[in-house]
Structure formats: C-alpha cells, structure tokens
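Asker:
There are 4 protein chains.
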Amino acid sequence: MYSHKTKKRVRYGETDQMGYLYYGHYAQYYEIGRVEMLRSLGMTYKSMEKDLGILMPVMSLQQRFVRPAYYDDELTIETTLRKLPGETITFYVEIFNPDSQLVNAGSVKLCFVEEKSEKTVNCPDQLLERLKPIFDGH
Amino acid sequence: MYSHKTKKRVRYGETDQMGYLYYGHYAQYYEIGRVEMLRSLGMTYKSMEKDLGILMPVMSLQQRFVRPAYYDDELTIETTLRKLPGETITFYVEIFNPDSQLVNAGSVKLCFVEEKSEKTVNCPDQLLERLKPIFDGH
Amino acid sequence: MYSHKTKKRVRYGETDQMGYLYYGHYAQYYEIGRVEMLRSLGMTYKSMEKDLGILMPVMSLQQRFVRPAYYDDELTIETTLRKLPGETITFYVEIFNPDSQLVNAGSVKLCFVEEKSEKTVNCPDQLLERLKPIFDGH
Amino acid sequence: MYSHKTKKRVRYGETDQMGYLYYGHYAQYYEIGRVEMLRSLGMTYKSMEKDLGILMPVMSLQQRFVRPAYYDDELTIETTLRKLPGETITFYVEIFNPDSQLVNAGSVKLCFVEEKSEKTVNCPDQLLERLKPIFDGH
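First to last, the protein sequences are chains A, B, C and D.
Sequential numbering from 96 applies to the first sequence in our numbering.
Sequential numbering from 96 applies to the second sequence in our numbering.
Sequential numbering from 96 applies to the third sequence in our numbering.
Sequential numbering from 96 applies to the fourth sequence in our numbering.
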C-alpha cells in the first residue's frame, strides 16, 4: 500500500449557488491527488507522456459525496494505491475538510496507452520500479 | 421507466491535451441530462429550488469511460429514470457520439433537502405527480 | 459587418455562491459565439485545425460585466466581426439575458498560427472568401 | 503599491487540445492571485462575505496572452495594487512561467456590494486600514 497526501483550497469559481464545491470539480481534485502522488515517487505524469509516450486515459470513476466542502476550505486529498499496477492502475481517494471530516471518497481506474500505436500496454517499468520496494516491504 | 435525450457539443475549453473531452467534464453533461429531463416533464430544477425550497445535492456518481469524445462532437445525452424517486432519485445516463457509439455510461444519485430545515425530505409531490402516470402506464 | 446569434443556458456548475454565472466562464461563452459564427458561414474551427493545420490562439480579451446572469437563464450570445480579418481577427461579443438586457460586452482578438511551422500567418483564404461578399455588400 | 506572489500548477484538465492552458482558465488564476493577496494582508475574502456581508462582483477584465503556459508548469501569479481602493478596487496581474517569462498580463476591476441592501459601498475599513500603512510608507 502506498499513500500520499496533498492539499488544495476550494476556489470561488468552484462553488455553486448552493455554496458547495460543485460535484463536477472533484474529478480534478482526484487528478491532483494522483499526479502529486506520482511526483512524490520521483516521477511526473508529464514525463510519462513526453519521454515514455504513455497516455493514461481514465476508464472508470466512482465517488461518494459524504458532506459538502465550502469556499476557501483547504481540503486534504489522500490518494492510495492498494496494489501494484498491471494493465490498469486504481487510485483510491479520500478528501477531508479542515476539521478532518471526510468530504468525498472514491476511486478512479486508468489504463496505459502507447501514444504511437494507440494500444494499451502494461504499467511502465519506471513506475513499477519505484513502487515494488514499497509494496515488498509490507 | 422514463427516458429523455438532449444534445451538447464538446467545446474547445473542455478538451485536454490528449484531444479528449476531459473526464471531469462529464459530470456537467450528466447535470444537463437530468435538468433537461425535468424540463421535459414541465418542471425546472430552478423552480424546485426557488419555489419549493428543495435542494438536490449529489450523493454518489459512477461513470465508465468507454471511448473518447472529441472536440466539436455533438454528443447525445440519454437520461433514464428506472423507478419512481423516493428519498433519493437515481438518473442513469448514456452518452453517445455522432456515430451513435457509446462514449460514457453511468449513474448519479441525489437526495432532496429542504433548504430551510437542512433536512432530507421525500421527493416533492410536484415531481411525483408528473412521473406516476408514466410509470403506471408501463 | 457580420453578426451572428447563438444561445446557451447557464448551468448549475457555472454558478458561484453569489448565485451568479462565475466571471471566468464568460470566456467559454465567447468561444461558443465565435465557433458558431464560423459554422454559420459554412466553416468549422475543427476543420481549420484538422484540414488546414491552422491554430487560433487568443491574443487578448476584454470584458465588461454589466449585470449578473443567473442559473438556468438562456443567454443570447451575439458575435460580430466589424472588419475583415488579416493577421488577426477580432470578435466583438454582447451577451443578453432572457429579458434582452445586456449582461456582458467585450472583445477577443486571435491570430492564425500554422501548426507545422509554428509561425503566424494571414487569415486563411477559405474564411476570407466567405466573408468578402458579406463585407463588400455593405 | 502593494505586490504579492503566489503559485499555481497547470493541471491536465486545464489544458486544451493545443496543449495550452485554456484561455478561459486565467480568470481563475486572477481570482487566486487577489484572494491570496488579501490573505497576505491578514484578511480573507471569505470573512468579507460572511462577517462583513460585502460581496465583490467583477466589473471588468482585461488580459493579454503573451505566450502559452503548458501542462504541469508551476506558474507564478504576481498581483499588484497600484493605489488604495475606493468605490472600486483594481488588481494588476502578471503571470510568469518557471523560466520567469511573462505568460499573461492584465487587470481586473471589482466593486463592493452590501449583500443586504444590494447597493454598492466603499471599500470596507478593515481592508483600508491594512493597506494605508503600506501606501503611506511609499
């Protein structure tokens, strides 16, 4: 298991007239969570695209909206890998408000596509090499 | 069962650098689907908020991303109610591209909250009255 | 002068907690205005990119926010070309609410870039040919 | 004059199929700039709304797009007040890429509206008190 936390503040343009963080914006919070997790492993999604030619389209998304998040709340996005990625990678996400209450929980599954051939491929070695020591240790 | 179709074109600002409709924007397509379904029943979500004082926060969202949607595609959003709403209402959504291929499928569950008391309530009669004849007929 | 009108409804996800259409979303309304104007001339921005290899990055944007637009308002976007495009093209935009009151007015200037060479070029002939008869007639 | 810098990374969902930060998203970067400037003065826009009942709708926006910003760039937003606010407040904004090159420059003018009366009012004293010593010193 590998977990990583990052923070993001709710902006005015992300609220709706209920005064809530609009439900459609959580997908971007999930994106931030997984991208910053990769960065914490010494890898960037940008380099995966640019240097390895690997795209990661989203296959599925599941979200539960537990309680509202409000304007200017600094939310904590906790992103977890429960197992080593293979043909797909699933990130589990929990988002907490400043009172450490759960706001949103869910998961997002992505696959790996070689840009040139437009075919799905396995998780690139560069990512697996970084994850294996973490998962072996547990 | 009650089904309704509406259309929405993919805008430039909704694409990402893969050239796809960004996965986070589908939630807004789902919103458009359910709001236009309500309008087709002679009801608006706006009047539910303003006249009835009922808010409809989203409880959960599930989406499968079947194939990409591209810039300027006019997508068809098909929204379906499979049963009468009670304490919650679930909209099933399928989004098709101009070649009638499935792009995205999922569901979104909402509840009804009385703005004044901030308590969950049952589906308002004004909506049930419109739906009952449709569901009774089948 | 060439003018074109198109409509777009304000969606829940576009409102903010003031209950207004968030100011940052008007840029997308401007995009819709100019793209639908091109379509009314028998041309698509999509084909300019795909078939002609011409990109149109935005150079500048000016907007006055005259009065708020609200949830579910069906706004009218009126887009006007005041002169034939050359190295740049400027669209003047006025957005009206359902009571025909001015909501927002402004302009956006774009240039033409050849994707291959990454150099600015003149307005493509395919667009000029469609505009010249309109401007000559006046 | 009072200047403040804050950072924001370009997210995937903010890019478009040109691979650029979509022009419509800069308005939110401007929002982040001015809100973080207020916070640097010991004030939050949230408290202005909640505690003082003052809303700040945007009156006008001007932006020049100097060069593209790209995915994953950590941009620096520099926000400047050139004079004390009165009936309106104008923020001047410059956005720089990681190579310190200017990406975007512009300004945004807002007014102060008392929520209860829906009337425009002067800049609240709480903000002026924080700014006066800074402007007097220069």
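All C-beta atoms, glycine included, are put in the ideal place defined by N, C-alpha and C.
Predicted model, so just to flag it, every value in this text is computed and none were measured.
Hey, could you find the ends of the beta strand (DSSP E) ARG159 (chain D) is sitting in?
Answerer: Reading the fourth sequence from its first residue, position 64 is the one you call residue 159 (chain D). Element bounds for ARG159 (chain D): 153-160.
Asker: Locate the beta strand (DSSP E) running through GLU210 (chain A), then write down its first and last residues.
Answerer: Here residue 210 (chain A) refers to the residue found at position 115 of the first sequence. No beta strand (DSSP E) holds GLU210 (chain A); DSSP gives it neither H nor E.
Asker: So who's on the other strand from TYR165 (chain D), going by DSSP bridges?
Answerer: Locating residue 165 (chain D) in the fourth sequence gives position 70, counting from the first residue. Answer is D:TYR115, bridged to TYR165 (chain D).
Asker: Quick one: which residues of the region 98-129 of chain B get their C-beta closer than 7 Å to a C-beta of chain D? List them in chain order.
Answerer: TYR107, GLY108, THR110, ASP111, GLN112, GLY114, TYR117, GLY119
Asker: Pick out whichever of D:ASN199, D:ARG177, D:MET132 has its Cα sitting closest to the Cα of LYS100 (chain D).
Answerer: In the fourth sequence, the residue the question calls residue 100 (chain D) occupies position 5. It is D:MET132 whose Cα lies nearest to the Cα of LYS100 (chain D).
Asker: Kindly say whether TYR140 (chain A), judged by its beta-carbon, lies nearer than 9 Å to any beta-carbon of chain C.
Answerer: As a working note, residue 140 (chain A) is residue 45 in the first sequence. Answer no: the Cβ-Cβ gap between TYR140 (chain A) and chain C never drops below 9 Å.
Asker: Since LEU197 (chain B) sits in a beta bridge, which residues does DSSP pair it with?
Answerer: For the purposes of this step, residue 197 (chain B) is taken as the residue at position 102 of the second sequence. Bridge partners of LEU197 (chain B): B:PHE191.
Asker: Is there contact between the region 105-114 of chain D and the region 99-115 of chain B, where contact requires at least three CB pairs shorter than 8 Å?
Answerer: yes
Asker: Can you tell me which of the three DSSP states GLU126 (chain C) falls into?
Answerer: Start at 1 with the first residue of the third sequence, and residue 126 (chain C) comes out as number 31. In the structure shown, GLU126 (chain C) sits in a helix (DSSP, three-state: H, G or I).
Asker: Under the three-state reduction of DSSP, which class applies to LYS102 (chain D): helix, strand or coil?
Answerer: Residue numbering aside, residue 102 (chain D) sits at position 7 when the fourth sequence is read from its first letter. DSSP places LYS102 (chain D) in strand when its eight states are reduced to three.
Asker: Could you say which of C:ALA122, C:GLU224, C:ILE229, C:ILE149 lies nearest to ARG177 (chain C) if we only look at CA atoms?
Answerer: Taking the first residue of the third sequence as 1, we reach residue 177 (chain C) at position 82. Ranking the options by Cα distance to ARG177 (chain C), first place goes to C:ILE229.
Asker: Looking at the unbroken alpha helix (DSSP H) that takes in ARG177 (chain C), where does it start and where does it end?
Answerer: By one-based count along the third sequence, residue 177 (chain C) stands at place 82. Element bounds for ARG177 (chain C): n/a, residue is neither H nor E.
Asker: Please classify THR174 (chain A): is it buried, with 16 or more other beta-carbons within 10 angstroms of its beta-carbon, or exposed?
Answerer: The residue given as residue 174 (chain A) occupies position 79 in the first sequence. Per the 10 Å Cβ criterion, buried.
Asker: Taking Cβ to Cβ, would you say CYS206 (chain D) is nearer than 9 Å to MET138 (chain D)?
Answerer: As a first step, residue 206 (chain D) is located in the fourth sequence; it is residue number 111 there, counting from the start. As a first step, residue 138 (chain D) is located in the fourth sequence; it is residue number 43 there, counting from the start. Cβ distance not < 9 Å, so CYS206 (chain D) and MET138 (chain D) don't count as in contact.
Asker: For LEU226 (chain D) and TYR140 (chain A), I'd like the C-alpha separation in whole angstroms.
Answerer: Walking along the fourth sequence from the start, residue 226 (chain D) turns up at place 131. Walking along the first sequence from the start, residue 140 (chain A) turns up at place 45. Spanning the two alpha carbons is a distance of roughly 42 Å.
Asker: Could you run through the region 152-170 of chain C and flag, in chain order, every residue whose CB is less than 8 Å away from some CB of chain B?
Answerer: TYR166, ASP167
Asker: Contact check, LEU197 (chain C) vs GLU189 (chain C) under 8 Å by CB: the rounded distance?
Answerer: Taking the third sequence and counting its residues from 1, one reaches residue 197 (chain C) at position 102. Taking the third sequence and counting its residues from 1, one reaches residue 189 (chain C) at position 94. Indeed, because the Cβ distance is near 6 Å, the residues count as touching under 8 Å.
Asker: By alpha-carbon positions, which one of A:SER142, A:ALA164, A:MET154 ends up nearest to HIS120 (chain A)?
Answerer: Along the first sequence, read from residue 1 onward, the residue named residue 120 (chain A) stands at position 25. HIS120 (chain A) has its Cα closest to that of A:ALA164, out of A:SER142, A:ALA164, A:MET154.
Asker: Using DSSP with H/G/I as helix, E/B as strand and the rest coil, what is LEU136 (chain B)?
Answerer: The count along the second sequence starts at 1 and reaches residue 136 (chain B) at position 41. Three-state DSSP puts LEU136 (chain B) in coil, outside helix and strand.
Asker: Using the beta-carbon count (16 or more within 10 Å), is LYS145 (chain C) buried or exposed?
Answerer: For the purposes of this step, residue 145 (chain C) is taken as residue 50 along the third sequence, with counting starting at 1. Exposed.
Asker: Quick one: does GLU197 (chain A) have its CB under 9 Å from some CB of chain B?
Answerer: Residue 197 (chain A) sits at position 102 when you count from the first residue of the first sequence. First, the amino acid is wrong: residue 197 (chain A) is Leu here, not Glu. Taking Cβ atoms only, chain B never reaches closer than 9 Å to LEU197 (chain A), which makes this a no.
Asker: Which residues in the same chain have their Cβ closer than 6 Å to the Cβ of CYS204 (chain D), if we skip the five residues on either side of it in sequence?
Answerer: Here residue 204 (chain D) is taken as the residue at index 109 of the fourth sequence, counted from 1. Checking the displayed sequence, the identity of residue 204 (chain D) turns out to be Lys instead of Cys. MET154, SER155, THR183, THR185.
Asker: Measure the C-alpha to C-alpha separation of GLU224 (chain B) and ILE127 (chain B) and round it to an integer number of angstroms.
Answerer: As a first step, residue 224 (chain B) must be located in the second sequence, where it is residue number 129. As a first step, residue 127 (chain B) must be located in the second sequence, where it is residue number 32. So the two alpha carbons sit approximately 22 Å from each other.
Asker: How about GLY148 (chain D): is its C-beta nearer than 9 Å to some C-beta of chain C?
Answerer: Translated into positions along the fourth sequence, residue 148 (chain D) becomes position 53. It does not: the Cβ of GLY148 (chain D) has no partner Cβ on chain C nearer than 9 Å.
Asker: The alpha helix (DSSP H) that contains LEU226 (chain C), what's its start and end?
Answerer: Within the third sequence, residue 226 (chain C) is the residue found at index 131, counting from 1. Residues 220-231.
Asker: Buried or exposed for ARG129 (chain D), please, with buried defined as at least 16 other CB atoms from any protein chain shown within 10 angstroms of its CB.
Answerer: Along the fourth sequence, read from residue 1 onward, the residue named residue 129 (chain D) stands at position 34. Label assigned to ARG129 (chain D): buried.
Asker: Is the beta carbon of LYS102 (chain C) closer than 9 Å to that of LEU170 (chain C)?
Answerer: Walking along the third sequence from the start, residue 170 (chain C) turns up at place 75. Walking along the third sequence from the start, residue 102 (chain C) turns up at place 7. Cβ distance < 9 Å, so LEU170 (chain C) and LYS102 (chain C) count as in contact.
Asker: Rounded to whole angstroms, what's the CA-CA distance from ALA200 (chain D) to ASN192 (chain B)? Just pull it up for me.
Answerer: Here residue 200 (chain D) refers to the residue found at position 105 when the fourth sequence is read from its first residue. Here residue 192 (chain B) refers to the residue found at position 97 when the second sequence is read from its first residue. For ALA200 (chain D) and ASN192 (chain B), the distance between alpha carbons rounds to 38 Å.
Asker: From D:ASP168, D:ARG134, D:MET143, pick the residue whose C-alpha is nearest to that of TYR115 (chain D); which is it?
Answerer: Your numbering for residue 115 (chain D) matches position 20 in the fourth sequence. The option with the nearest alpha carbon to TYR115 (chain D) is D:ASP168.
Asker: Starting from the C-beta of THR215 (chain D), find all residues in its chain whose C-beta is less than 6 Å away, skip the five residues before and the five after it, and write them out in chain order.
Answerer: Counting from 1 along the fourth sequence, the entry for residue 215 (chain D) is found at position 120. Same-chain partners within the cutoff: CYS206, VAL208.
Asker: Looking at C-alpha atoms only, which residue of A:SER195, A:ILE149, A:ASP231 is the closest neighbour of PRO219 (chain A)?
Answerer: Locating residue 219 (chain A) in the first sequence gives position 124, counting from the first residue. When A:SER195, A:ILE149, A:ASP231 are compared, the shortest CA-CA separation from PRO219 (chain A) is found for A:ILE149.
Asker: What does a CB cutoff of less than 8 Å around ARG159 (chain C) pick up in its chain, not counting 5 residues either side in sequence?
Answerer: Here the question's residue 159 (chain C) lines up with position 64 in the third sequence. For ARG159 (chain C), where only same-chain residues beyond five positions count, the Cβ hits under 8 Å are ASN199, ALA200, GLY201.
Asker: Excluding sequence positions up to five away, which residues of its chain have a Cβ less than 6 Å from the Cβ of MET143 (chain D)?
Answerer: Counting from 1 along the fourth sequence, the entry for residue 143 (chain D) is found at position 48. Same-chain partners within the cutoff: ILE149.
Asker: Since SER142 (chain C) sits in a beta bridge, which residues does DSSP pair it with?
Answerer: As a first step, residue 142 (chain C) must be located in the third sequence, where it is residue number 47. None, per the DSSP bridge assignment.
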